[in-house]
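Participant: For what it's worth, the working numbering labels the leading residue of the sequence shown as 170, then goes sequentially.
By construction, the Cβ of each residue, glycine as well, lies at the ideal position given by its N, Cα and C atoms.
Sharing a structure here in structure tokens format.
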Amino acid sequence: MLAPFVYLTSGFFQILALPLLLFVSILCVFFPARKLPRFVWGVDPIINIKYLSKALQRRFESKTVVFEVYDINNRNDFDDVFMENLRIPYFIKSLLSHVKYIFWGDIFCFSFNGGFLGRLKILSHAEPYFYRIAGKKIVIWPYGSDSYVYGKVRDPSSQNCLMISYPLYGRRFATVELHVNRWRRHADILLSHTMSLDGIGRWDVLTSSYLIIDKDQWTSDQSATDKAKENIVICHSPNHRGAKGSEFIISAVQRLKDEGYPVELRLLEGVPNHEVKRVLTEEADILVEQLILQGHGLSALEGMASGLPVISNISDVDCFKLFRRYSFFDECPLVSGTPENIVDVLRSLVSDANLRKRLGEAGRQYVEKYHSYETGLYVFEIIVRKIWLKEDVDLMNIFHPILGEYPKRKPKIEHPLVENRIVN
Numbered sequence: 170m171l172a173p174f175v176y177l178t179s180g181f182f183q184i185l186a187l188p189l190l191l192f193v194s195i196l197c198v199f200f201p202a203r204k205l206p207r208f209v210w211g212v213d214p215i216i217n218i219k220y221l222s223k224a225l226q227r228r229f230e231s232k233t234v235v236f237e238v239y240d241i242n243n244r245n246d247f248d249d250v251f252m253e254n255l256r257i258p259y260f261i262k263s264l265l266s267h268v269k270y271i272f273w274g275d276i277f278c279f280s281f282n283g284g285f286l287g288r289l290k291i292l293s294h295a296e297p298y299f300y301r302i303a304g305k306k307i308v309i310w311p312y313g314s315d316s317y318v319y320g321k322v323r324d325p326s327s328q329n330c331l332m333i334s335y336p337l338y339g340r341r342f343a344t345v346e347l348h349v350n351r352w353r354r355h356a357d358i359l360l361s362h363t364m365s366l367d368g369i370g371r372w373d374v375l376t377s378s379y380l381i382i383d384k385d386q387w388t389s390d391q392s393a394t395d396k397a398k399e400n401i402v403i404c405h406s407p408n409h410r411g412a413k414g415s416e417f418i419i420s421a422v423q424r425l426k427d428e429g430y431p432v433e434l435r436l437l438e439g440v441p442n443h444e445v446k447r448v449l450t451e452e453a454d455i456l457v458e459q460l461i462l463q464g465h466g467l468s469a470l471e472g473m474a475s476g477l478p479v480i481s482n483i484s485d486v487d488c489f490k491l492f493r494r495y496s497f498f499d500e501c502p503l504v505s506g507t508p509e510n511i512v513d514v515l516r517s518l519v520s521d522a523n524l525r526k527r528l529g530e531a532g533r534q535y536v537e538k539y540h541s542y543e544t545g546l547y548v549f550e551i552i553v554r555k556i557w558l559k560e561d562v563d564l565m566n567i568f569h570p571i572l573g574e575y576p577k578r579k580p581k582i583e584h585p586l587v588e589n590r591i592v593n
């Protein structure tokens, strides 16, 4: 009997808070605009916002503010966790954080889940207008569960693996779609990803992945050919096995063992990030990231930065044709792997130390060129010029292989793959 009362009370106070939040937004207008904007990253505790914020700190003030910290991460990965310390309700903490940072920040970088008010049923609808009235700018970075609208995912296998690993979102897809529609309409900038093609319908910076990594924290001097050991170590680090196709990877390694190949599988499941880093940089020879969902995540970048050949699903020809033509993906040395070909792909890599070495070297170069702090800062410097300084810049083509300036800063990355496939 208590739950309905709590919900109604919460909704009642949210309605009462509307005039206060509107007043705060109007008050922000009277503060002079900064020449260099401040960035606020949040509120989902995704580790990549740590790297993006640190990249921006080379020129701008930038903070990460999240509502909690996942077990695989450390508290010091983020600047502020607004659900800690104070013993007050989530609703009040959300309001206080919103008020605090709407005065401090200028450009707010959120997922489709929204910002500090995004988990409040009533205030989430008004949140974009509070930022708009205050003269703030919004950058949306999709990461996965915030943006996959079940029923609009183009690949049936991808939708199936999402329902295996994240069944709850199959029931609440209408809520996800509501959030996507809200921020697609109100965002000043929407960063692209391969998932952008699955029903999001908008992007303002064309890249197959906006993820970046601190390349200096990963080493590439211990290549697979230099490690004197008995077995080839194949690593796989799933957060959810269904979404990664883990059963196909486990089966493929076992089949290679049965064929007499000297391989062993290292499953890095539920392992803290520092241990994943140690294994990838000191023990691994090959990393298999994912075989079902298209594209790659942060794990692939960690593997390539470590000088490893990395396998991910790059089989959607139409999807990746877009990123090859209009962005930098033609330089990407990821090896495409699917449940149907993973045994053959692994067999080729296990049997050819020179191929592993060439792919590892190209992968390190790829991360340095397109997924480093330098790249992240470059992208957001252009974004600032576009939405803060009101300059006429062409965001859509900043990574275009012909029209873009950035791809020409370093030599084109050469690798032995043809459209991410091993050619014998």
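Thinking W557 and K305 are a contact (beta carbons under 8 Å), I'd like their distance in whole angstroms, please.
Facilitator: Reading the sequence shown from its first residue, position 388 is the one you call residue 557. Reading the sequence shown from its first residue, position 136 is the one you call residue 305. Between K305 and W557 the Cβ distance is about 10 Å, and since that is not below 8 Å, they are no contact.
Participant: State the beta-bridge partners of H584 as determined by DSSP.
Facilitator: One-based indexing of the sequence shown puts residue 584 at position 415. Looking at the DSSP assignment, H584 forms no beta bridge with any residue, so it has no partner.
Participant: Would you tell me roughly how many angstroms separate the C-alpha atoms of E550 and D383, rounded to the nearest one?
Facilitator: Position 381 of the sequence shown, counted from the first residue, corresponds to residue 550. Position 214 of the sequence shown, counted from the first residue, corresponds to residue 383. For E550 and D383, the distance between alpha carbons rounds to 18 Å.
Participant: Contact check, I276 vs P206 under 8 Å by CB: the rounded distance?
Facilitator: Looking up residue 276 in the sequence shown gives position 107. Looking up residue 206 in the sequence shown gives position 37. Right, their Cβ atoms sit about 5 Å apart.
Participant: Taking the CB atoms as reference points, tell me whether A531 and P576 lie closer together than 7 Å.
Facilitator: Indexing the sequence shown from 1 puts residue 531 at position 362. Indexing the sequence shown from 1 puts residue 576 at position 407. Cβ distance not < 7 Å, so A531 and P576 don't count as in contact.
Participant: For the structure I just gave you, are there three or more beta carbon pairs, one from the segment 265 to 272 and one from the segment 336 to 344, closer than 8 Å?
Facilitator: Flag = no, the segment 265 to 272 and the segment 336 to 344 do not touch.
Participant: Between V193 and the rest of its own chain, which residues show a CB-CB distance below 7 Å, the 5 nearest in sequence each way excluded?
Facilitator: As a position in the sequence shown, residue 193 is number 24, starting the count at 1. The answer, listed in chain order, is V268, I271.
Participant: What whole-angstrom Cβ distance do G506 and S481 have, given they're in contact under 8 Å?
Facilitator: Against the sequence shown, residue 506 aligns to sequence position 337. Against the sequence shown, residue 481 aligns to sequence position 312. Right, the Cβ-Cβ distance comes to about 7 Å (below 8 Å), so this counts as a contact.
Participant: List, from N- to C-terminal side, the alpha helix (DSSP H) runs of 4 residues or more that fit wholly inside the segment 330 to 395.
Facilitator: Counting whole runs of 4 or more residues, the segment 330 to 395 contains the alpha helix (DSSP H) stretches 337 to 340, 342 to 355.
Participant: Take A412 as the anchor and find which of G466, F489, I241, N282 has the nearest alpha-carbon.
Facilitator: Residue mapping note: residue 412 aligns to position 243 of the sequence shown, counting from 1. Comparing Cα positions, the closest option is G466.
Participant: Look at the alpha carbon of S378 and the alpha carbon of S361, and state the distance between them as a whole number of angstroms.
Facilitator: As a first step, residue 378 is located in the sequence shown; it is residue number 209 there, counting from the start. As a first step, residue 361 is located in the sequence shown; it is residue number 192 there, counting from the start. The alpha-carbon atoms of S378 and S361 are separated by roughly 7 Å.
Participant: When you compare only the Cα positions, how much space is there between L347 and Q463?
Facilitator: On the sequence shown, residue 347 is found 178 positions in, with the first residue counted as 1. On the sequence shown, residue 463 is found 294 positions in, with the first residue counted as 1. Cα-Cα distance, rounded: 24 Å.
Participant: Note down, in chain order, each residue of its chain lying with its Cβ closer than 6 Å to the Cβ of G274, except the 5 sequence neighbours on either side.
Facilitator: Locating residue 274 in the sequence shown gives position 105, where the first residue counts as 1. The residues are R207, V209.
Participant: In this structure, does DSSP put K559 in helix, strand or coil?
Facilitator: Here residue 559 refers to the residue found at position 390 when the sequence shown is read from its first residue. Three-state result, K559: coil.
Participant: Considering Cα atoms alone, identify which of V592, G573, D248, G283 is closest to E350.
Facilitator: Along the sequence shown, read from residue 1 onward, the residue named residue 350 stands at position 181. Here residue 350 is Asn; the residue named in the question, Glu, does not match the sequence. Of the candidates V592, G573, D248, G283, the one whose C-alpha sits nearest the C-alpha of N350 is G283.
Participant: Who are N482's beta bridge partners in DSSP?
Facilitator: Against the sequence shown, residue 482 aligns to sequence position 313. Beta-bridge pairing links N482 to Q463.
Participant: Looking at C-alpha atoms only, which residue of Y298, E471, T388, H405 is the closest neighbour of L191?
Facilitator: Here residue 191 is taken as the residue at index 22 of the sequence shown, counted from 1. Nearest of Y298, E471, T388, H405 to L191, Cα basis: Y298.
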